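All remarks here apply to the structure that follows.
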Amino acid sequence: MFQVSKKPNTPNMIWDANQNSPLCKFVDGFLETKDKKLADRLKALGHTVTEIKEQGGEANGGAG
C-alpha cells in the first residue's frame with residue numbers, strides 16, 4: 001500500500017487530462033492506494049509517496 005501526501009498549494013482533486021476524468025482525490029491532505037502506477041504518477045507530479053508494508057492477520061494477533 002502507498003500513502004501519498006499532497007504537495008502544498010495543490011487542489012484536493014487531481015484531474016487526469018488524458019482520460020478527462022478525476023485521477024484521485026486527497027482527503028485531509030492524504031491518499032492511500034494499492035495502485036503502484038498511480039503512486040508513481042503522483043510522485044512524478046511532486047507529491048510525497050511512502051510505501052506502507054501491509055501486516056499479516058494471524059501472525060500479528062488477528063482474529064480467525
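Under the numbering used here, the first residue of the sequence shown is numbered 1, with each subsequent residue one higher. Note that the Cβ used here is the ideal one computed from N, Cα and C, for glycine as well. Because the structure is a prediction, the values reported are computed rather than measured.
Note to self: Buried or exposed, going by whether 16 or more other CB atoms sit within 10 Å of the CB of lysine 43?
What the structure shows: Locating residue 43 in the sequence shown gives position 43, counting from the first residue. By the neighbour-count rule (16 or more Cβ atoms within 10 Å), lysine 43 is not buried but exposed.
Next item on the list: Identify, in the order they occur along the chain, each residue of the same chain with its Cβ nearer than 7 Å to the Cβ of histidine 47, setting aside the five sequence neighbours on each side.
Entry: The count along the sequence shown starts at 1 and reaches residue 47 at position 47. These residues qualify, in order along the chain: Val4, Ser5, Lys6 and Lys7.
Margin query: With the cut-off set at 7 Å, would you say isoleucine 52 and methionine 1 are in Cβ contact?
Written below: On the sequence shown, residue 52 is found 52 positions in, with the first residue counted as 1. On the sequence shown, residue 1 is found 1 positions in, with the first residue counted as 1. Isoleucine 52 places its beta carbon less than 7 Å from that of methionine 1.
Check: Which residue's Cα is closest to the Cα of proline 22: Val49, Thr50 and Leu38?
Finding: If you number the sequence shown from 1, residue 22 lands on position 22. The candidate whose alpha carbon is nearest that of proline 22 is Leu38.
Item checked: Span separating the alpha-carbon of phenylalanine 26 from that of arginine 41 -> Walking along the sequence shown from the start, residue 26 turns up at place 26. Walking along the sequence shown from the start, residue 41 turns up at place 41. It is roughly 14 Å from the alpha-carbon of phenylalanine 26 to the alpha-carbon of arginine 41.
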